[in-house]
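Some notes on the structure that comes next.
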Ligand SMILES: Cc1cc2nc3c(=O)[nH]c(=O)nc-3n(C[C@H](O)[C@H](O)[C@H](O)COP(=O)(O)O)c2cc1C
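Numbering (my numbering), first residue to last: 71 to 450.
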């Protein structure tokens with residue numbers, strides 16, 4: 071074992087010594103395992119049913135109240151937003167998904183091309199693999215090469231943030247894709263279920279606080295489909311985070327993905343449906359984010375323009391979607407993905423018109439009808 075002093079100022083990324091290379095062969099082997107896991111994840115998300123089994127997002131409980139007097143011309147309706155200082159054509163981002171193995175380069179390039187042509191933000195998947203070896207750096211860079219003008223954000227696990235006190239390492243991962251922001255994912259459930267997982271989450275909040283202080287670009291904190299509770303959101307806001315993505319339950323079950331990876335005799339099936347439904351997470355987070363002036367992203371099971379509109383009416387600023395978009399890309403191709411998203415934008419505009427919402431901020435105050443108990447929120 072050799073110990074290498076890699077002060078950030080002495081290391082230009084990418085180098086094989088990019089991040090904390092304490093033991094080269096160990097990290098290379100780790101990198102290979104991470105690559106193969108990343109490929110498993112995409113294959114399972116595209117080829118298997120890994121949605122929640124009984125739990126739903128909760129968004130289906132709500133209905134936008136029709137406004138027969140919108141006092142608007144349809145032409146005036148504008149679903150564009152500003153996100154991370156850039157103009158985006160609609161309030162939807164492509165959530166963090168992949169990178170770090172061979173085929174991921176094509177996926178990130180094609181997602182990037184679609185996002186660039188539609189003016190939508192996107193995230194790359196966890197860059198942990200790029201901390202371990204340098205083989206697949208292009209798989210991350212491909213997104214930025216394909217999409218020079220949209221907001222793109224990097225990604226790393228909260229556990230890595232706690233484990234690696236070297237801020238320079240995270241900075242270099244951001245530089246790799248000219249990131250507009252950096253997402254930190256909190257995934258204790260996934261790590262708990264993952265065959266090779268490492269559910270060590272001590273020190274994550276302190277690591278996040280350190281990054282808030284020292285990183286030059288904004289940080290987004292997200293779950294991966296089990297949701298952020300109001301209490302967690304409050305602690306993140308207190309730590310200085312100003313972009314929160316609830317990534318709630320009801321869409322892709324990451325517990326389910328890892329249970330499938332364990333094989334047919336897997337115990338712990340009860341965890342398949344663990345998590346806070348997306349609608350509940352938005353409702354918990356919205357007032358806190360509002361008070362803190364933070365941007366709230368709604369994701370987890372966002373499957374169309376109706377989910378986007380309801381999420382925003384519940385208090386989110388924009389929504390995010392992952393697996394449905396990836397499946398469309400890999401099963402049907404880039405044109406199909408572009409057509410799907412163009413259709414979502416058109417239908418979202420239609421819904422905004424019918425709610426009397428000229429801009430997305432108006433939609434955040436739209437009236438909602440709760441189906442089960444027939445309550446109307448915001449009706450005066
Ligand atoms: C194939 C795939 C890989 C993913 N990898 C990551 C990742 O590396 N980092 C991360 O923060 N989230 C990752 N996610 C989680 C998504 O960003 C999202 O939070 C989650 O899938 C819930 O959204 P959905 O229901 O729209 O799929 C991944 C999702 C998919 C489908």
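Ideal Cβ placement from N, Cα and C applies to all residues, glycine included.
Boundaries (first-last residue) of the alpha helix (DSSP H) holding residue i
i	result
residue 329	324 to 332
residue 291	Segment 289 to 292 is the beta strand (DSSP E) holding residue 291; no alpha helix (DSSP H) there.
residue 348	348 to 362
residue 518	Any answer about residue 518 is impossible in this case: the structure gives the chain only from 71 up to 450.
residue 178	174 to 188
residue 210	207 to 216
residue 202	198 to 202
Buried or exposed by the 16-neighbour rule on C-beta atoms within 10 Å, applied to residue i
i	result
residue 440	exposed
residue 333	exposed
residue 203	buried
residue 361	exposed
residue 152	exposed
residue 350	buried
residue 272	exposed
residue 341	buried
residue 369	buried
residue 356	buried
residue 326	buried
residue 249	buried
residue 139	exposed
residue 178	buried
Start and end residues, beta strand (DSSP E) containing residue i
i	result
residue 224	222 to 227
residue 391	388 to 391
residue 152	151 to 153
residue 367	365 to 369
C-alpha distance - residue i paired with residue j, whole-angstrom precision
i	j	result
residue 270	residue 353	29 Å
residue 93	residue 104	Because residue 93 carries a pLDDT of 42, less than 50, the predicted location of this residue cannot be relied on, and no value is offered for it.
residue 212	residue 222	11 Å
residue 246	residue 208	9 Å
residue 430	residue 102	43 Å
residue 419	residue 134	13 Å
residue 310	residue 363	11 Å
residue 455	residue 109	The structure shown does not extend to residue 455, since the chain is modelled only from 71 through 450, so no value can be given for it.
residue 264	residue 258	10 Å
residue 435	residue 385	8 Å
residue 408	residue 256	30 Å
residue 280	residue 346	27 Å
residue 274	residue 388	26 Å
residue 228	residue 293	10 Å
residue 144	residue 423	6 Å
residue 319	residue 414	22 Å
residue 282	residue 198	19 Å
residue 242	residue 426	45 Å
residue 399	residue 184	10 Å
residue 150	residue 156	10 Å
residue 226	residue 196	5 Å
residue 175	residue 200	13 Å
residue 160	residue 99	41 Å
residue 291	residue 410	27 Å
residue 278	residue 395	29 Å
Cβ distance (whole Å) where residue i is taken to contact residue j below 8 Å
i	j	result
residue 377	residue 129	5 Å
residue 324	residue 371	About 12 Å; that fails the 8 Å criterion.
residue 193	residue 253	6 Å
residue 367	residue 314	7 Å
residue 55	residue 251	Coverage of the chain is limited to positions 71 through 450, which leaves residue 55 absent and any answer about it impossible.
residue 343	residue 123	6 Å
residue 190	residue 154	About 12 Å; that fails the 8 Å criterion.
residue 127	residue 405	Rounded, the Cβ-Cβ distance is 28 Å, inconsistent with contact.
residue 182	residue 217	4 Å
residue 148	residue 428	7 Å
residue 118	residue 330	6 Å
residue 391	residue 165	6 Å
Distance cut-off 7 Å: residue i Cβ against heavy atoms of ligand 3
i	result
residue 276	In the structure shown, ligand 3 is absent; the only ligands present are ligand 1.
query: Which ranges does the alpha helix (DSSP H) cover as unbroken runs of at least 4 residues, wholly within the stretch 239 to 326, from first to last along the chain?
result: The stretch 239 to 326 contains these whole alpha helix (DSSP H) runs: 258 to 263, 274 to 284 and 300 to 308.
- prompt: Taking only runs of the beta strand (DSSP E) that begin and end inside the stretch 106 to 170, which ones reach a length of at least 3 residues, in chain order?
  reply: Listed in chain order, the beta strand (DSSP E) runs fully inside the stretch 106 to 170 are 132 to 134, 151 to 153, 156 to 158 and 162 to 164, counting runs of at least 3 residues.
message: Please give the ranges of any beta strand (DSSP E) in the stretch 407 to 446, keeping only runs that are unbroken, at least 3 residues long and fully inside the region.
response: If you keep only unbroken beta strand (DSSP E) runs of at least 3 residues inside the stretch 407 to 446, you get 438 to 440.
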